[in-house]
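Colleague: Per the working numbering, the very first residue in the sequence shown carries number 7; after that it's consecutive. C-beta atoms are modelled at their ideal positions from N, C-alpha and C, and glycine is treated no differently. Note that the structure is predicted; figures quoted are calculated from it, not measured. Let me begin by handing over the structure; questions about it come next.
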Amino acid sequence: MAADLVFYTHPMSRGRIVRWMLEETGATYKTEILDYATNMKTAPYRTINPMGKVPAIVHNGHIVTECAAICAYLADVFPDAGLAPETDDRAEYYRWLFFAAGPLEHAVTNNTLGFAPSAEQGRMAGYGSYDLTVDVLAQAVAATPYITGKRFTAADVYLGSQVIWGLQFGSLPAREAFKDYAERLTARDAYRRATAMDDALMPDT
7 MAADLVFYTH PMSRGRIVRW MLEETGATYK TEILDYATNM KTAPYRTINP
57 MGKVPAIVHN GHIVTECAAI CAYLADVFPD AGLAPETDDR AEYYRWLFFA
107 AGPLEHAVTN NTLGFAPSAE QGRMAGYGSY DLTVDVLAQA VAATPYITGK
157 RFTAADVYLG SQVIWGLQFG SLPAREAFKD YAERLTARDA YRRATAMDDA
207 LMPDT
């Protein structure tokens, strides 16, 4: 039943990552669209996510927030979709999923906000520097068709979304490795369905 899986989102948010992941799973789900200025900050939704942020899911009464966690969770609870490697073969999967959630997210955000750590600060920051993080990312996506090898996984949904958006908004350089990787991902049927759904929900300007 749709009510067993509820997806809280806004079309102009990281919820697009989770929408794509949901479409990859083939699961049936109900979508609740929240507004930044109103119901996203009210008490009822804060019982789901105290941060007052989207996305979030509630699955069989279990709340999951944070995009990387949601992607990993959905891959596990819908195993027939084949979006996670076998449990004894998840080293690269976890490595790059959480590289995207940690160093990559922080490096891109800080760079966009105009903060560049000094060499000394870089030793304290988990990502070191923006340039280093970008170089590591480029090497990783150029090495194999997908981030863990020849097989598409939930790690590609999360990390790949950051590459796609980085190219779209200029927060990542337009390197060939990034463009080739993004082209493979955006050709996926589930990505196209998810994008069309969220585009249809965009507020009128």
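Using 7 Å as the cut-off, classify the Cβ of Val140 as near or not near the heavy atoms of the ligand HEM, replying yes or no.
Modeller: Here there are no bound small molecules, and the ligand HEM is not part of this structure.
Colleague: Could you compute how far the alpha carbon of Phe268 sits from the alpha carbon of Glu126?
Modeller: Because residue 268 is not part of the residues shown, which for the chain are 7 to 211, the question remains open.
Colleague: Do Val60 and Leu40 have their C-beta atoms closer together than 8 Å?
Modeller: Yes, Cβ-Cβ distance for Val60 and Leu40 is below 8 Å.
Colleague: Output yes or no for whether 8 Å exceeds the beta carbon distance between Leu89 and Ala43.
Modeller: Not a contact, by the Cβ cut-off of 8 Å.
Colleague: Taking buried to mean at least 16 other C-beta atoms within 10 Å of its own C-beta, is Phe158 buried or exposed?
Modeller: Label assigned to Phe158: buried.
Colleague: Within the continuous beta strand (DSSP E) that includes His16, where are the two ends?
Modeller: Counting along the chain, His16 falls outside any beta strand (DSSP E), and DSSP gives it neither H nor E.
Colleague: In chain order, what residues of the same chain have a beta carbon less than 8 Å from the beta carbon of Leu110, not counting five sequence neighbours either side?
Modeller: Tyr133, Thr139, Leu143, Leu165, Gln168, listed in sequence order.
Colleague: Measure the C-alpha to C-alpha separation of Arg96 and Thr31 and round it to an integer number of angstroms.
Modeller: If you take the alpha carbons of Arg96 and Thr31, they lie about 18 Å apart.
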